[in-house]
Structure formats: structure tokens, C-alpha cells
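Only one structure is covered here, and it is reproduced in the block below.
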């Protein structure tokens, strides 16, 4: 098992503890059992001691990607832990994405935000962790000195590591590898998710909105423009049972 998959396995095992530490009683036992991909061996199966308290609605990538459960595990971990203060209170436009949001429990709120992020990934990359897109209107990437590319699950760029100090992309190491090599730090799905989720948390924390004309990193979240996928993303999130179900 390579280092990335071992880390992901550890993330699964640590969901409960990390979410509890970050948000009170949030996320106690997100799933009865999480296994690493479809060919998991017994030692790659993680059982949670408090399982059964909350089972999340599956994120969109889980039905399409071999390691989808592991991406979900890391996403829950980050949203329910260090990024909880930015995400969980909600936004001024939250009802457009989840009409029942203010009535949700904390685990459901974590589930909502993770689902939203999986919807963004669907329309940004089609869940392809090595997808690269040449941004022909953005000039040179100040880190690489080359034309700017949006890359990976959430279509990020090397210059994000300079703009946002928390993005752990290593161009000096990556430049020695082929452009679409999955060993590149920007194409590693966990590195990419970590950076992208933190960018979204920063955006939500600053603007208190999900959809933005100005200040939105992703075109799919901008109301204006050819890349707008807000209607489709809202349809996804509003279909969540706990979002659609309004309290009496």
C-alpha cells in the first residue's frame, strides 16, 4: 500500500475522533464500516466504535471512483474539524442549496458541505484526479513560469501555493515528472481536496455566500458566465433527504 493510500486509511479511522474534537459531538460514527476500495482486504476495513449514530448520504464520487470512500473520509475530516467554523454556520444563500439547512444536525451539515464539494468536483473535473485544463486567458503561472493550467479534482493551479499559504504543491519536485503523472503533488487527490476545501472555506468565511459574481474561485459557482453550474449543483444538494425535508 503506497503512502497516500495508507494516509487515507488512517483518515478513515480518525474521522470520529477528529470530528468530535472539532465540533463537539459532530460526526460520531459517520459510517458503520468504511473499506478501502472494492478489493479491500480484511486489514483494510475500518470499523468505528460508535457506528450507527449517523450514516451520511453518499457523496457523488463514491459511485464512480475506486477511492471515492476515502476522498469522502478526508473531506468529512476537514470540514468537521479545522474548517467547521467557516462552513457549519451556513451562508446568506444557504437556503437556495438546502432549504432545511438551519434545522440540520451538525453531522448533517458536514454531510451537506461535503456533498456540495463533490458536486463542484463533478463539474470541474468529472472526478478525474489527473485532469489538466489550459487556461488560455490567465497568462503565466508565477510559480511554474509556464502557461497556467487548472489541475486535478478541483482544478487548482501551482500559483495557489503562493496565493494561499496552505496549498501544499511542490513544483520543484513535480516538474521532474510527466505533466499528468498522478505522483505530482497537485494531482494527488488528497492534496488537491485539502487545498480546494480550504480555499472554499476562506471564500465562504469572507463573503458568507456560496454563489458569487466576484470572489468565487470556481466558475461553476459564479452566477454569470459560461462555466456557471449553479442550477445543477443546487439540484444535487436539494435532493439530499435532509435538505428537502422541511420541518413542520
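Numbering (this note's numbering), first residue to last: 4 to 251. C-beta: ideal position from N, C-alpha, C; glycine also.
As assigned by DSSP and simplified to three states, the class of residue 134: Collapsing the DSSP output to three states places residue 134 in coil.
Keeping to the same chain, check which residues put their C-beta closer than 7 Å to that of residue 230; ignore five residues upstream and five downstream. Result list for residue 230: 222, 223, in chain order.
How long is the line joining the alpha carbons of residue 244 and residue 65, rounded to whole angstroms? Answer to the nearest angstrom: the Cα atoms are 17 Å apart.
Contact set for residue 239: own chain, Cβ-Cβ below 6 Å, skip 5 residues either direction: Here the set comprises 122.
May I have the straight-line CA-CA distance separating residue 97 from residue 104, to the nearest angstrom? Straight-line Cα distance between these residues: approximately 7 Å.
Within a Cβ cutoff of 6 Å, which residues of the same chain sit near residue 43, ignoring the five residues on either side of it in sequence? Model confidence at residue 43 stands at a pLDDT of 32, short of 50, so the residue's coordinates are unreliable; what they give is reported in the following sentence. The same chain holds no residue with a CB closer than 6 Å to that of residue 43 once the five nearest residues on each side in sequence are set aside.
Within the region 139–217, note down every full beta strand (DSSP E) run reaching 3 residues or more, in order along the chain. Along the region 139–217, the beta strand (DSSP E) occurs as fully enclosed runs of 3 or more residues at 152–154, listed in sequence order.
Residue ranges of each alpha helix (DSSP H) run of no fewer than 4 residues wholly in the region 65–135, ordered along the chain? With a minimum length of 4 residues, the continuous alpha helix (DSSP H) runs that stay inside the region 65–135 are 71–83, 87–90, 97–100, 109–128.
Out of 158, 57, 219, point me to the one whose CA is closest to residue 198's CA. With distances taken between CA atoms, residue 198 lies nearest to 158 out of 158, 57, 219.
Closest by CA to residue 109, which one among 79, 225, 181, 68? When only C-alpha atoms are compared, the closest one is 79.
Reference residue 211, options 149, 94, 62, closest by Cα: That would be 94, whose Cα lies nearest to the Cα of residue 211.
Could you say if the region 145–157 and the region 185–202 meet the contact criterion of at least three C-beta pairs nearer than 8 Å? Taking a contact to require three or more Cβ pairs closer than 8 Å, the region 145–157 and the region 185–202 qualify as touching.
Let me make sure I understand the geometry here. Which of 113, 161, 70 has the alpha-carbon closest to that of residue 193? Answer by Cα proximity: 70.
Using a 10 Å radius around the Cβ and a threshold of 16 neighbouring Cβ atoms, would you call residue 195 buried or exposed? Burial call: buried.
Measure the beta-carbon distance from residue 189 to residue 161 and round it to whole angstroms, keeping in mind my assumption that it falls under 8 Å. That pair is a contact at about 6 Å.
Buried or exposed for residue 127, please, with buried defined as at least 16 other CB atoms from any protein chain shown within 10 angstroms of its CB. Residue 127 sits buried, since 16 or more C-beta atoms from the chains shown fall within 10 Å of its C-beta.
For residue 172 versus residue 146, is the C-beta distance shorter than 9 Å? For residue 172 and residue 146, yes; Cβs fall inside 9 Å.
Ends of the alpha helix (DSSP H) at residue 244? In the DSSP assignment, residue 244 falls within the unbroken alpha helix (DSSP H) covering 244–247.
Are residue 260 and residue 218 close, meaning C-beta to C-beta below 9 Å? No information on residue 260 is available, as it lies outside the stretch 4 to 251 that the chain covers here.
What is the rounded straight-line gap between the Cα of residue 90 and the Cα of residue 106? Using only the alpha carbons, I get a separation of about 15 Å.
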